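K.L.:
In our numbering, the protein residues as written are 1 to 105.
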Amino acid sequence: MDYIQKAQEKHQERPHAARAVRARRWSRRVFALLILVFLYAVWQDRALAPPIHDGMQKTVSLAAGFVENSDDIRSYVKQTFGSSSGTSVEQQYDPITRWLLKWTS
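1) Which complete alpha helix (DSSP H) runs does the stretch 23-92 hold, if anything under 4 residues is left out?
2) Which one of S27, D54 and R28 has the shortest CA to CA distance from L39?
3) Buried or exposed, going by whether 16 or more other CB atoms sit within 10 Å of the CB of P51?
4) Starting from the C-beta of A41, find all residues in its chain whose C-beta is less than 8 Å away, skip the five residues before and the five after it, and write them out in chain order.
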């Protein structure tokens with residue numbers, strides 16, 4: 001009799017276990033989305049969390065400096081946004097500005 005009761009309990013727990021797995025999966029996604037929304041809000045308004053905003057500013061300036069000083073990344077950007085069709089965008093601008101100028105002309 002004990003074996004039958006355990007088997008019935010396991011059978012009744014299956015839908016609950018599947019629901020729990022789906023709930024955990026959704027909660028992880030929602031949590032990640034909330035973190036992204038929080039960071040976006042802090043980026044827009046320093047008053048929400050000044051130390052985090054300052055850290056984000058430092059990180060952005062370091063990343064921008066790394067991109068500007070890295071020849072590998074510059075060559076990748078030039079290759080990606082370079083003019084393959086021979087348009088008349090002036091070569092004095094950086095690759096991203098040239099790419100944007102193509103769209104305004």
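Note that the Cβ used here is the ideal one computed from N, Cα and C, for glycine as well.
For clarity, every value in this text was computed on a predicted model and none was experimentally measured.
P.N.:
Short version:
1) 50-69 and 71-81
2) Per the Cα distances, D54.
3) exposed
4) L48
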